[in-house]
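> The UniProt record's numbering puts the first residue of the sequence shown at 1, with every later residue one more than the last. Input: one structure, supplied below.
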Amino acid sequence: MAMTADPASTDATKSPQPVTLRTTTALPSRSPIPLSASQETQVQQLYYKRVRAICRTEIHDFAACALNRTISATWACRDQRIAMNACLVDHSTQEQRDLAREEWFATMEDRRREREEQ
């Protein structure tokens, strides 16, 4: 008596099980509400203002060093420039962009009232 293998148990005849990935939370969109180009520019200006406010002392130190200098500012103010750029890079994050966007939406009603009063 010859033993035959059950076709369902052989590796050659098994079909691979489908892999399903499940996420527990949906990833939020970076920009859930589309804005016009001028509105995005306003958000970007708020973003730059926020980052410059955070790095105010580093920017001031570099500006004070570079005052009345031209080419020599490149090497004379190197440490201040590096500190300023490091601060700006460290704080130029998506989180700051999101905060600027939230601030823009929070002040939207105030801007609307100002336009209506004019």
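We treat Cβ as the ideally placed atom computed from N, Cα and C, and that holds for glycine. Since the structure is predicted, the reported quantities are computational estimates derived from the model, not experimental observations.
By the three-class DSSP mapping on this structure, what secondary structure does I82 have?
Of the three classes helix, strand and coil, the one that applies to I82 here is helix, per DSSP.
> Quick one: complete alpha helix (DSSP H) runs, 4+ long, within the stretch 86-116?
As far as the stretch 86-116 is concerned, its whole alpha helix (DSSP H) runs of at least 4 residues are 94-106.
> Would you mind working out which of Y48, R78, H91 and T57 sits nearest residue 194, comparing C-alpha positions?
With the chain covering 1 to 118 only, the question about residue 194 has no answer from this structure.
> For L67, does the three-state DSSP call read helix, strand or coil?
Three-state result, L67: coil.
> Compute the Euclidean distance between the alpha carbons of E95 and D110, then round it to the nearest angstrom.
Approximately 24 angstroms, taken between the alpha carbons.
> Excluding the 5 residues flanking I59 on each side, which residues of the same chain have their C-beta closer than 7 angstroms to its C-beta?
Only R52 and M84 meet the Cβ criterion.
> Would you grab the beta carbon distance between R81 and F62 for me? Rounded to a whole angstrom, and I think it's under 8 angstroms.
Going by Cβ atoms, the distance from R81 to F62 rounds to 6 angstroms, so yes, they are a contact pair.
> When DSSP labels each residue in this structure, what does Q118 get in the three-state scheme?
Q118: coil per DSSP, three-state reduction.
> For I33, name the three-state secondary structure that DSSP assigns.
Three-state result, I33: coil.
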